[in-house]
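Colleague: My structure is below; once you've seen it, I'll send some questions.
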Amino acid sequence: MSSLRTLLGDTIGGGSLPQKIFYVYNNNRGMSNGGCCCYWTVPADIKNATFEVWGGGGAGSGACCCQWSQDGAGTGAYAITHVTSPTLAGNTYTICAAGNGSCCQAHCLGYTGYKSYVTGSSIPSTCANGGCGGTTMCHAHHAYNCCHGWHCIEGGTNGNFKLGRGRDHAMNTHYCHNQMWDQIGGGAKSSMSRKSTDFC
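Heads up, the sequence shown stops at 216 in my numbering, and the numbers go up one at a time, no gaps.
Structure, rendered in structure tokens:
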């Protein structure tokens with residue numbers, strides 16, 4: 017298992033080197049955009065590289081009148097991998113940021129998010145899977161649900177260090193919609209979650 021120090025790309029043997037950071041991300045909000053990939057060649061004199069990848073979040077589920085949320089959409093997974101080599105310069109890597117779903121969702125199951133990944137020279141494939149899609153009840157239900165705050169942490173990642181994707185569950189009551197809570201999971205590196213009372 018890697019120690020924390022070996023995952024820090026700017027620290028070698030107690031010495032400090034300048035960091036050179038770039039981001040590959042997908043900000044296309046159109047459907048079926050396929051994500052964004054970068055083919056990167058390691059520049060001269062570089063001996064360490066660290067790759068962090070985040071999976072795309074899951075899609076929320078559709079609903080019509082009187083259909084209530086059951087599970088909120090989940091956050092994507094996280095993975096990190098580090099490579100050190102005196103001959104790293106010239107190696108090539110494909111770095112891909114997750115795309116989004118293929119169509120608008122009008123029924124009870126939201127799409128699972130897409131994965132982000134890195135492949136290339138001298139490292140195993142590193143990927144972070146997308147978050148779980150949300151779900152909607154096909155009807156209203158007026159009873160207590162004991163699953164408040166349920167936060168599932170699943171696998172689905174490869175790398176030196178990884179965090180699974182998450183999803184929270186609703187807490188329902190027999191009261192009006194504005195007194196019921198829907199928990200939405202926070203980011204993979206965070207224990208934060210948020211809740212909403214809006215069921216309509």
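Just so you know, even glycine gets a beta-carbon here, dropped at the ideal spot from N, CA and C.
Can you name the start and end residues of the beta strand (DSSP E) that V69 belongs to?
Modeller: Element bounds for V69: 64-70.
Colleague: Going by DSSP in three states, T91 sits in which element: helix, strand or coil?
Modeller: Strand at T91.
Colleague: With DSSP as the reference, label S138 as helix, strand or coil.
Modeller: Three-state DSSP puts S138 in coil, outside helix and strand.
Colleague: Tell me where the beta strand (DSSP E) around Y130 begins and ends.
Modeller: Segment: none, Y130 is in no beta strand (DSSP E) and carries neither H nor E.
Colleague: Look up A60 in the DSSP assignment and give the residues it is bridged to.
Modeller: Answer is none; A60 lacks a bridge partner.
Colleague: At what residues does the beta strand (DSSP E) containing Y41 begin and finish?
Modeller: Premise fails: Y41 is in no beta strand (DSSP E) and is neither H nor E.
Colleague: Can you give the Cα-Cα distance for T108 and T152, rounded to whole angstroms?
Modeller: So the alpha carbons of these two residues sit roughly 43 Å apart.
Colleague: May I ask which residues mark the beginning and end of the beta strand (DSSP E) holding T108?
Modeller: Where T108 is concerned, the enclosing beta strand (DSSP E) stretches over 108-113.
Colleague: Please go through the same chain and pick out, in chain order, the residues whose beta-carbon is closer than 6 Å to the beta-carbon of G72, but skip the five residues on each side of it.
Modeller: Same-chain partners within the cutoff: G92, A114, G129, Y130, G146.
Colleague: Could you compute how far the alpha carbon of Y133 sits from the alpha carbon of C148?
Modeller: Spanning the two alpha carbons is a distance of roughly 17 Å.
Colleague: According to DSSP, is C148 helix, strand or coil?
Modeller: The answer is coil: DSSP assigns C148 none of H, G, I, E or B.
Colleague: Output the distance between the C-alpha atoms of P140 and Y55, rounded to the nearest integer angstrom.
Modeller: Rounded to whole angstroms, P140 to Y55 spans 16 Å at the Cα level.
Colleague: Can you tell me which of C143, G74, G136, A89 puts its alpha carbon nearest to the alpha carbon of V58?
Modeller: The option with the nearest alpha carbon to V58 is G136.
Colleague: Which of helix, strand or coil does DSSP assign to C163?
Modeller: Its pLDDT being 41, under 50, C163 is placed unreliably by the model, and the measurement read from it follows with that caveat. Three-state DSSP puts C163 in coil, outside helix and strand.
Colleague: In its own chain, which residues sit with a C-beta less than 7 Å from the C-beta of S138, not counting the 5 before and 5 after it?
Modeller: Answer for S138: V99, S101, N107, listed in chain order.
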